[in-house]
Amino acid sequence: MAENAVNISSVAVDLAKKIFHDLNGRSVLLLGAGDMAELAARHLTTNGVRDIIVANRT
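Okay, so the sequence shown: first residue is 84 according to the working numbering, each after it adds one.
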């Protein structure tokens with residue numbers, strides 16, 4: 084997917100960009116609130132995601 088991907092979060096964002104073509108202004112639901120979710124949120128915001136909703140079990 085991404086030649087320089089260093090973690091699953093960056094790979095997930097690259098996949099989302101392939102599917103949706105543009106993440107600017109999009110809203111995203113993250114499941115979980117741990118370290119990986121935080122990293123995913125960083126990758127998403129740097130790629131233009133406007134709103135991030137976090138759902139967690141606790």
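Just so you know, even glycine gets a beta-carbon here, dropped at the ideal spot from N, CA and C.
Short check: CB of Gly108 to CB of Arg140, under 8 Å?
As a position in the sequence shown, residue 108 is number 25, starting the count at 1. As a position in the sequence shown, residue 140 is number 57, starting the count at 1. Not in contact: Gly108 and Arg140 (Cβ atoms no closer than 8 Å).
Determine the direct distance from the alpha carbon of Ala120 to that of Leu114, and round the result to whole angstroms.
Sequence index remark: in the sequence shown, residue 114 carries index 31 (1-based). Sequence index remark: in the sequence shown, residue 120 carries index 37 (1-based). Going by the C-alpha atoms only, they are around 7 Å apart.
Would you list the residues sitting across from Ala138 in a DSSP beta bridge?
Position 55 of the sequence shown, counted from the start, is the residue given in the question as residue 138. Note: Ala138 sits in a beta bridge opposite Leu114.
Who are the near neighbours of Ile91 in its chain, counting only those whose CB is closer than 8 Å to its CB and skipping five residues on each side?
Looking up residue 91 in the sequence shown gives position 8. If we look at Ile91 and ignore the five residues flanking it on each side, its Cβ neighbours are Met119.
When burial is assigned at 16 or more other CB atoms within 10 Å of the CB, is His126 buried or exposed?
Residue numbering aside, residue 126 sits at position 43 when the sequence shown is read from its first letter. The residue in question, His126, is buried, as its Cβ has 16 or more Cβ neighbours within 10 Å.
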